[in-house]
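Visitor:
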Amino acid sequence: MAAGLKRDPIVILRIDGEDLLEFINGPAYEPEMVATFSQIELPEGSLRDYIVKAFEYLTVEQGMPPLSDPWVMSDIVEPALEFCAAAENWDKPVSPETLLEFKRAAEHVAQRLKEQPVIVAHSENTFDGSSIRRLISNKFELDKSLNTALRSVPKDKNGKLPKEHLQLALDLVAPLAGLPPLGALDEMDKLLVGVFKMVDPDDRKAVKEDEFKKLLTEILGAVMLQLEGNPISVSSSSVVHEPLACSSSLLTPSS
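Okay, structure coming up:
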């Protein structure tokens, strides 16, 4: 099984093929992979192309190290595919047998992982609005954060703050509000676009500092409510390129 050591917020996983075998032989395999293949769009793709692409959709929870790492592709997946019975027909088009061929390929990948386990650093983060609530419920910290942010926001010749700079101000407050930087997470950016439309920052009107702070606080509150209703989760996995012997004692499951 994948054994984990929590290093908040990173978990170190040892991927050895057991979780992958459990997934492909379990009840969730067929419905999940049918859904996965339905999302893959490779008009000119061969059977091999589809199978490789499907592996990209598998997660560490399903026992698959990230294919974004070239080493995983070259040392785990490609050698496993060479042993597949379908290897001689990789160029044939996708058919109803694709699901079965993928399972066979996954069995060979699991065998490779058993022979050569992969160490993966995995992290997860959920933006649920709790950090924003903590900030805005503490008036002292909120005022301090807003004042610090406003020092970096350009003012007009009358000393007022253009509403078009609300996005800049929010980005400056984001770390204290537990939010990612603008542009870092598409789903969060879409949420912010909807929130900003409510205050209409495109009117380019300049307002006094107190009004600007009020608008920024309203934006934070609106984002908080959106996240409390629909939290946004993000995860990342990366292969740790180090000798397994150096980590084995650290990663051995406790009895």
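Position one of the sequence shown corresponds to residue 1056 (the numbering used here), numbered consecutively onward. Just so you know, even glycine gets a beta-carbon here, dropped at the ideal spot from N, CA and C.
On the criterion of 16 or more Cβ atoms from any shown chain inside 10 Å, does G1081 qualify as buried, or is it exposed?
Guide: Counting from one through the sequence shown, the residue named residue 1081 turns up at place 26. Label assigned to G1081: exposed.
Visitor: Where do the ends of the alpha helix (DSSP H) carrying A1135 lie?
Guide: Translated into the one-based positions of the sequence shown, residue 1135 becomes position 80. Note, A1135: alpha helix (DSSP H), 1133 to 1137.
Visitor: Look at the Cβ atom of G1118, then the Cβ atom of L1155, and state whether they are nearer than 9 angstroms.
Guide: Residue mapping note: residue 1118 aligns to position 63 of the sequence shown, counting from 1. Residue mapping note: residue 1155 aligns to position 100 of the sequence shown, counting from 1. Not in contact: G1118 and L1155 (Cβ atoms no closer than 9 angstroms).
Visitor: Please state the DSSP three-state secondary structure of T1091.
Guide: Position 36 of the sequence shown, counted from the start, is the residue given in the question as residue 1091. Helix at T1091.
Visitor: Between the Cα of E1170 and those of D1130, G1238, Q1094, L1234, spot the shortest distance and give me the residue it belongs to.
Guide: As a working mapping, residue 1170 is identified with position 115 in the sequence shown. Checked all of D1130, G1238, Q1094, L1234; the closest Cα to E1170 is D1130.
Visitor: Buried or exposed: which applies to R1206, given that a residue is buried once 16 or more other Cβ atoms fall within 10 Å of its Cβ?
Guide: Along the sequence shown, one-based indexing puts residue 1206 at 151. By the neighbour-count rule (16 or more Cβ atoms within 10 Å), R1206 is not buried but exposed.
Visitor: Between the stretch 1260 to 1273 and the stretch 1194 to 1209, are three or more C-beta pairs nearer than 8 angstroms?
Guide: yes
Visitor: What's the gap between the Cα of R1188 and the Cα of G1284?
Guide: For this step, residue 1188 is matched to residue 133 along the sequence shown. For this step, residue 1284 is matched to residue 229 along the sequence shown. Answer to the nearest angstrom: the Cα atoms are 13 angstroms apart.
Visitor: Suppose the cutoff is 6 angstroms on Cβ atoms and the five residues either side in sequence are ignored; what does the same chain contact list for A1374 look like?
Guide: The requested residue 1374 is not part of the displayed model; the chain covers only 1056 to 1310.
Visitor: Is H1220 helix, strand or coil when you go by DSSP?
Guide: Your numbering for residue 1220 matches position 165 in the sequence shown. H1220 falls in the helix class under three-state DSSP.
Visitor: Spell out a yes or no on whether the stretch 1171 to 1178 and the stretch 1288 to 1298 are touching, meaning 3 or more CB-CB pairs, one atom from each, closer than 8 angstroms.
Guide: Because the criterion of three Cβ pairs below 8 angstroms is met, the stretch 1171 to 1178 and the stretch 1288 to 1298 touch.
Visitor: Name the residue from V1127, E1219, L1246 whose alpha carbon lies nearest to the alpha carbon of V1295.
Guide: For this step, residue 1295 is matched to residue 240 along the sequence shown. Among V1127, E1219, L1246, the Cα nearest to that of V1295 belongs to V1127.
Visitor: Do you know whose CA, among E1111, S1101, G1184, lies nearest P1230's CA?
Guide: Taking the first residue of the sequence shown as 1, we reach residue 1230 at position 175. Here the closest residue by C-alpha is G1184.
Visitor: Could you pull the DSSP bridge partners for N1180 from this structure?
Guide: Indexing the sequence shown from 1 puts residue 1180 at position 125. Its beta-bridge partners are V1289.
Visitor: Spatial neighbours of T1307 within its chain, please: CB distance less than 6 angstroms, with the 5 preceding and 5 following residues excluded, ordered by chain position.
Guide: Translated into the one-based positions of the sequence shown, residue 1307 becomes position 252. Confidence at T1307 is low in this model, with a pLDDT of 37, below 50, so its placement is unreliable and the value that follows should be read with caution. Closer than 6 angstroms at the Cβ level, and outside the excluded window around T1307, lies no residue.
Visitor: Which partner residues of R1069 appear in the DSSP bridge assignment?
Guide: If you number the sequence shown from 1, residue 1069 lands on position 14. Note: R1069 sits in a beta bridge opposite I1174.
Visitor: Assuming P1134 contacts I1070 under a Cβ cut-off of 8 angstroms, what Cβ separation, rounded to an integer in Å, is found between them?
Guide: Here residue 1134 refers to the residue found at position 79 of the sequence shown. Here residue 1070 refers to the residue found at position 15 of the sequence shown. Their Cβ separation, rounded to whole angstroms, is 16 angstroms, which puts P1134 and I1070 out of contact at 8 angstroms.
Visitor: Can you say whether P1172 is buried or exposed, counting buried as having 16 or more other CB atoms within 10 angstroms of its CB?
Guide: One-based indexing of the sequence shown puts residue 1172 at position 117. The residue in question, P1172, is buried, as its Cβ has 16 or more Cβ neighbours within 10 Å.
Visitor: Determine the DSSP secondary structure at V1208, reduced to helix, strand or coil.
Guide: Here residue 1208 refers to the residue found at position 153 when the sequence shown is read from its first residue. In the structure shown, the three-state DSSP call for V1208 is coil.
Visitor: Please state whether the Cβ-Cβ distance between L1247 and Q1222 is less than 9 angstroms.
Guide: Taking the sequence shown and counting its residues from 1, the one referred to as residue 1247 is at position 192. Taking the sequence shown and counting its residues from 1, the one referred to as residue 1222 is at position 167. A contact, by the Cβ cut-off of 9 angstroms.
Visitor: By Cβ distance below 8 angstroms, which residues in the same chain neighbour M1286 in space, the five residues on each side in sequence not counted?
Guide: To locate residue 1286, count along the sequence shown from 1; it is residue 231. According to the sequence displayed, residue 1286 carries Pro and not Met. Once the five neighbours on either side are set aside, the close Cβ partners of P1286 are T1181, F1182, D1183, G1184.
Visitor: Return the CA-CA distance between Y1112 and F1251, expressed in angstroms with no decimal places.
Guide: Within the sequence shown, the letter at position 57 stands for residue 1112. Within the sequence shown, the letter at position 196 stands for residue 1251. Distance between the alpha carbons of Y1112 and F1251 is about 33 angstroms.
Visitor: Of the residues P1217, V1208, A1232, which one's Cα is nearest the Cα of L1190?
Guide: For the purposes of this step, residue 1190 is taken as the residue at position 135 of the sequence shown. Of the candidates P1217, V1208, A1232, the one whose C-alpha sits nearest the C-alpha of L1190 is A1232.
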